[in-house]
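A.B. asks:
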């Protein structure tokens, strides 16, 4: 005990420092949302004259202009929700399954497959994207959601996380206990392993959801029909508008609008990430 | 792990791998193989005219190495990654330590934990728009600095090597530190609380607990963070691409490997692009192996700790 | 029972349709008609449960007639039922919606002209996505089903030749459009879309000739007059322009950005960017570099990127900018007219031709080879780009500077052409004169890449981050990446 006093600062002082640092960090995290919102309230001409931190009064006007335009914004929102939601669900479920296969079983090709999947992670997506495009064209999946959703099943990065998480938390004895109870392997996975992985699943679900939500590169290559497009493409389209229609106010409103659902999803998921699982909840 | 009764379940290992391998095989392996295959061909498009594919052996590899630019871009990439990653991991560890330290009893934890990931919710392109506005020569940052008397002339952030790299690093750090922190916290939540109790009974300080218990048990997650950040770093693209309008200026000092690769995709140059991808793959693999070795990834250690 | 009859009839009709060997669209149309008929039948059946079988029979024969009609219609004239238009934004779509007689909008990407369904394939140009998408589909054009074939696609001047100088774009003459039809257009708008064999392969409704838009206050202060003729005299060539710029600098103004003048120089080169497979730096491009560097060092020009916040500051008096370079759309949409505190709102801008004639912007319509809607395509091109009534309408409603000598002359002669933000000045005479003066005989299909990369590379030189040679070397590197087939350096 005396050691602790000589070594560390007093708890009070550390707490003060922690609060100060946390407040500064929070400021830097939130300021962007404020700027976005402020910009969404400003008209195109106000925006082009530079940044000010004071909100203006054009929010509703921008919003009305945006909705009056021909871009199917609400449709885009729905598309984004479908694509990002399905990707996230498929991604976490199958990545956990894959990680479980490597973690819980011993088979001949285990090591080779593990290394193989890790190697997959190191391949830059940009180049394969073009081959990917030719492929989906041959498979007649052009202008559909499938090429955006299905590949999420094979997500090495998520798999790797699940595997690492299992290494530190999921003990084999638990699984064996389930086997003794006579549960089938598939059932064991669904009813015992998945619930135990909740924090990891929540984390990866939100990551996948967000990256799919914000993805422009692949959807822009795949989707051509306006009513099938996701929000980032519509935003790009709005920004590429001709001079008569170009309106940064609308662009900012649309960005704000497209961030809103992610925030909601994030706040829902954050319950699991932040406080939902009590310490040690994963061990029994 | 090596219990005998496990053996009869092993076929399930394969079964559970089927979805991953099938989807991977279809959507990624085919394009991937063609990438490697293409790297040995002259294969690009001039306007709408397809040139090649003509087999040219390792000519593509020779041409990407011959200019020496490749190492410059590799250097740029690593510098910007390190500039962003070091503060990122330090902040994440610090926050992780604070949040997991029961003696601090921080209030509003939920708020802080929630907030840190929020920057990641903003699209990189939207983020870059905001950065442009803020760091413009006549923008608010310059006018604040001038009012404070720190500088007398507006500083052209986009025209100096240091500030461009710094902004790229800052943006990456800001966008991803929350991600890292969440990963670490999720890992920390998985640690058996009895270990912390035992430590406090033994009279360990918060610092000791962190370094002796939390950190070692976090190792798999830390390795994960290191490797994925490294890979993400080597594949750094959108932030510098948007911030420099794809030029990587000044004088390509902020051009990353993937931005370079992207330059070749304009002409659908699968040959050079393929060769670059193979190069990138090899570099990534080497660096990842170094991290694995360096961190001594021995699962057994952690297994015993439990 | 009724249902059985109906379905039997329907499948017979379907089969007949198929056997008749109609294309996919016809089959689709047949299917639609069949569906309609089926619905009708069902409705009727529901309405009168006690209805005799002959009611159903009647409905069915009605339906069959309908189907037959549809099939007939579909095969009439041999033209396709779907018109596919590829573009990167909604500009042309809104022009067609507002001004093309008979166009009915269905939703954001669909419309109809008579029986033909119009499909807009809009891909934003970010990350080159528009051209990538267009390239892939043009290359597949030959194998595509008739109704999936591209019929019209739009291009911008900077890369027009990439498409025009290939067999994928159709010569207007092959559509039956004659030289007389397009005689009222400005010649430069045609040279942009003329292939190396002299075939005209596209047409535009805009003529974006551009000039120098000056700040009247600044002109009074620097030159002592804000009269367009006096200002024109002060910027009549690049030597005078430099002199005026330095005088402006002495009064605390920046002339403009180096990027503002770029297009003026690049439109007036004496040779193509690429000659015999090698990149050639034209003397006029060297002039741009030297003149600009001279002015940057004298503090008379800045190096701001176009459209950036810094560049936009000149729209207010506090921005202390002498001039911008731009065409008609520029003063209408880029000078923030109506916004408090801008020069435009006070009518404080003036317009003159500037040192050299040049153009900026515009959209060209090309017909894709293999189109199955040739006569409709012809009519759209003629109506939208040559019909003086439609062009006048566009000029008034959309403020486009239209591609018609007649209409511009009319505007120049009437008060309709007076522009408030130019202090009531009528710029159309200058715009028309500018459009006549543009000479684009030195375009090449590499212009987009070369211009972008040259500007980007030279910025390093102007900003003091590289010597002229280093910047040039970087330009060559970038070109080598973009166009592997070229010899550089």
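Protein chains in written order, with the numbering used here: chain E, 1 to 284; chain C, 1 to 306; chain L, 1 to 489. Built from N, CA and C at the ideal position, the CB exists for glycine as well.
1. Give me, in chain order, the residues of the same chain whose beta-carbon lies closer than 8 Å to that of residue 112 of chain L; leave out the 5 immediate sequence neighbours on both sides.
2. What residues from chain L crowd round residue 72 of chain E, counting only those whose CB sits closer than 7 Å?
3. Between residue 131 of chain L and chain E, is there a C-beta pair that is closer than 8 Å?
4. Note down the Cα distance separating residue 266 of chain L from residue 283 of chain L, rounded to an integer number of angstroms.
5. Ignoring anything shorter than 4 residues or poking outside the segment 62-143 of chain C, list the alpha helix (DSSP H) runs there in chain order.
6. Going along the chain, which residues of the segment 415-426 of chain L sit with their C-beta nearer than 9 Å to a C-beta in chain E?
7. Please name the residue or residues paired with residue 86 of chain L in a DSSP beta bridge.
8. Relative to chain E, which residues along the segment 99-129 of chain L have a C-beta separation below 8 Å, given in chain order?
9. By the 7 Å beta-carbon criterion, what residues does the segment 151-169 of chain L contribute toward chain E?
10. By alpha-carbon positions, which one of C:219, C:238, C:285 ends up nearest to residue 328 of chain E?
11. Residues of chain L with CB closer than 9 Å to the CB of residue 54 of chain C, please, in chain order.
12. Taking buried to mean at least 16 other C-beta atoms within 10 Å of its own C-beta, is residue 251 of chain L buried or exposed?
13. Would you say residue 204 of chain E reaches chain L, if we count a Cβ-Cβ gap shorter than 8 Å as a contact?
14. Let's see if you can read the secondary structure: which residues bound the alpha helix (DSSP H) around residue 124 of chain E?
15. Chain C beta carbons: is any one of them nearer than 8 Å to that of residue 38 of chain E?
16. Using DSSP with H/G/I as helix, E/B as strand and the rest coil, what is residue 250 of chain C?
17. Is there a Cβ from chain B that is less than 8 Å from the Cβ of residue 186 of chain C?
18. Find the residues of chain C that neighbour residue 145 of chain E, judging by a C-beta separation of less than 7 Å, and give them in chain order.
19. So, helix, strand or coil for residue 512 of chain L, using DSSP?
20. Round the Cβ separation of residue 361 of chain L and residue 216 of chain L to the nearest angstrom and send it over; I've been treating them as touching at under 8 Å.
21. CB-CB under 6 Å to residue 232 of chain C, same chain, minus the five flanking residues each way: which ones, in chain order?
22. How should residue 275 of chain L be labelled, buried or exposed, when 16 other C-beta atoms within 10 angstroms of its C-beta is the threshold for buried?
23. Can you give me, in chain order, the residues of the segment 78-98 of chain E that have a beta carbon less than 7 Å from any beta carbon in chain C?
24. Please state the DSSP three-state secondary structure of residue 355 of chain L.
25. How close, in whole Å, do the beta carbons of residue 197 of chain E and residue 98 of chain E come, if the pair is a contact with beta carbons under 8 Å?
26. What residue range is occupied by the uninterrupted alpha helix (DSSP H) comprising residue 44 of chain E?
27. Starting from residue 393 of chain L, trace the beta strand (DSSP E) both ways and give me its first and last residue.
28. By how many angstroms is the C-alpha of residue 182 of chain L removed from the C-alpha of residue 379 of chain L?
29. Can you give me the start and stop residues for the beta strand (DSSP E) that residue 107 of chain L sits inside?
30. Just by C-beta distance, which residues in the segment 111-130 of chain E are closer than 8 Å to chain C?
31. Taking 8 Å as the CB-CB cut-off, is residue 61 of chain C touching chain L?
32. Relative to the C-alpha of residue 134 of chain C, which residue among C:149, C:171, C:115, C:96 is closest?
33. Within 8 Å of any Cβ in chain C, is that where the Cβ of residue 215 of chain L sits?
34. 8 Å is my cut-off, CB to CB: does residue 336 of chain L come that close to chain E?
35. Is residue 256 of chain C close to chain L, meaning its C-beta is less than 8 Å from at least one C-beta of that chain?
36. Grab me the residues of residue 24 of chain L's own chain with a C-beta within less than 8 Å of its C-beta, minus the 5 sequence neighbours each way, in chain order.
C.D. replies: Straight from the coordinates:
1. Residue 112 of chain L sits at position 112 when you count from the first residue of the third chain. Cβ within range, chain order: 103, 104, 106, 118.
2. What you label residue 72 of chain E is simply residue 72 of the first chain in a count that begins at 1. Close to residue 72 of chain E, with beta-carbon spacing below 7 Å, are these residues of chain L in chain order: 108.
3. Your numbering for residue 131 of chain L matches position 131 in the third chain. No - not a single Cβ of chain E is within 8 Å of the one on residue 131 of chain L.
4. Within the third chain, the letter at position 266 stands for residue 266 of chain L. Within the third chain, the letter at position 283 stands for residue 283 of chain L. Approximately 10 Å between the Cα atoms of the pair.
5. Whole alpha helix (DSSP H) segments, 4+ residues: 69-100, 109-115, 124-135.
6. Of all residues in the segment 415-426 of chain L, none has a Cβ within less than 9 Å of some Cβ in chain E.
7. As a working mapping, residue 86 of chain L is identified with position 86 in the third chain. DSSP lists L:121, L:153 as the beta-bridge partner residues of residue 86 of chain L.
8. The residues in question are 107, 108, 109, 120, 121, 122, 123, 124, 125, 126, 127, 129.
9. Of all residues in the segment 151-169 of chain L, none comes within less than 7 Å of chain E when Cβ atoms are compared.
10. Outside the modelled stretch of chain E, which goes from 1 to 284, sits residue 328 of chain E, for which no answer is possible.
11. Indexing the second chain from 1 puts residue 54 of chain C at position 54. Those do not exist, as residue 54 of chain C stays about 12 Å from chain L at its closest Cβ, beyond 9 Å.
12. In the third chain, counting from the first residue as 1, residue 251 of chain L sits at position 251. With fewer than 16 other Cβ atoms within 10 Å, it is exposed.
13. Position 204 of the first chain, counted from the first residue, corresponds to residue 204 of chain E. Cβ-Cβ to chain L under 8 Å: no for residue 204 of chain E.
14. Taking the first chain and counting its residues from 1, one reaches residue 124 of chain E at position 124. Here residue 124 of chain E belongs to no alpha helix (DSSP H), and DSSP marks it neither H nor E.
15. Along the first chain, one-based indexing puts residue 38 of chain E at 38. At a cut-off of 8 Å between beta carbons, residue 38 of chain E makes no contact with chain C.
16. By 1-based counting over the second chain, the position of residue 250 of chain C is 250. Looking at residue 250 of chain C - three-state DSSP - the assignment turns out to be coil, as it is neither helix nor strand.
17. Here chain B cannot be found, since the structure's protein chains are E, C and L.
18. Position 145 of the first chain, counting from 1, holds the residue named residue 145 of chain E. Simply none; closest approach about 14 Å.
19. In this structure chain L extends from 1 to 489, so residue 512 of chain L is not present and cannot be described.
20. Looking up residue 361 of chain L in the third chain gives position 361. Looking up residue 216 of chain L in the third chain gives position 216. The beta carbons of residue 361 of chain L and residue 216 of chain L sit about 24 Å from each other, so the pair does not count as a contact at 8 Å.
21. What you label residue 232 of chain C is simply residue 232 of the second chain in a count that begins at 1. Contacts found: none.
22. As a first step, residue 275 of chain L must be located in the third chain, where it is residue number 275. So residue 275 of chain L ends up on the exposed side.
23. Along the segment 78-98 of chain E, the positions whose C-beta sits under 7 Å from a C-beta of chain C are 94, 97, 98, read in chain order.
24. Within the third chain, residue 355 of chain L is the residue found at index 355, counting from 1. In the three-state DSSP reduction, residue 355 of chain L falls in the coil class, being neither helix nor strand.
25. Working through the first chain from its first residue, we reach residue 197 of chain E at position 197. Working through the first chain from its first residue, we reach residue 98 of chain E at position 98. So it is not a contact: roughly 12 Å between Cβ atoms.
26. In the first chain, counting from the first residue as 1, residue 44 of chain E sits at position 44. Here the alpha helix (DSSP H) through residue 44 of chain E covers 44-48.
27. Position 393 of the third chain holds residue 393 of chain L. Where residue 393 of chain L is concerned, there is no enclosing beta strand (DSSP E), although the alpha helix (DSSP H) it sits in stretches over 388-398.
28. The residue given as residue 379 of chain L occupies position 379 in the third chain. The residue given as residue 182 of chain L occupies position 182 in the third chain. Answer to the nearest angstrom: the Cα atoms are 13 Å apart.
29. For the purposes of this step, residue 107 of chain L is taken as residue 107 along the third chain, with counting starting at 1. Note, residue 107 of chain L: beta strand (DSSP E), 103-107.
30. Those would be 113, 117, 118, 119, 120, 121, 122, 123, 124, 125, 126, 127, 128, 129, 130, in chain order.
31. For the purposes of this step, residue 61 of chain C is identified with residue 61 of the second chain, where counting begins at 1. Under the 8 Å criterion on CB atoms, residue 61 of chain C is classed as non-interfacial with respect to chain L.
32. By 1-based counting over the second chain, the position of residue 134 of chain C is 134. Ranked by how close their Cα comes to the Cα of residue 134 of chain C, the residues C:149, C:171, C:115, C:96 have C:171 in first place.
33. Against the third chain, residue 215 of chain L aligns to sequence position 215. Judged by the 8 Å Cβ criterion, residue 215 of chain L is not in contact with chain C.
34. The residue given as residue 336 of chain L occupies position 336 in the third chain. Yes - at least one Cβ of chain E is within 8 Å of the one on residue 336 of chain L.
35. Residue 256 of chain C sits at position 256 when you count from the first residue of the second chain. No, because no Cβ of chain L sits closer than 8 Å to the Cβ of residue 256 of chain C.
36. Indexing the third chain from 1 puts residue 24 of chain L at position 24. In this prediction, residue 24 of chain L scores a pLDDT of 43, lower than 50, which makes its location untrustworthy; no coordinate-derived value is stated.
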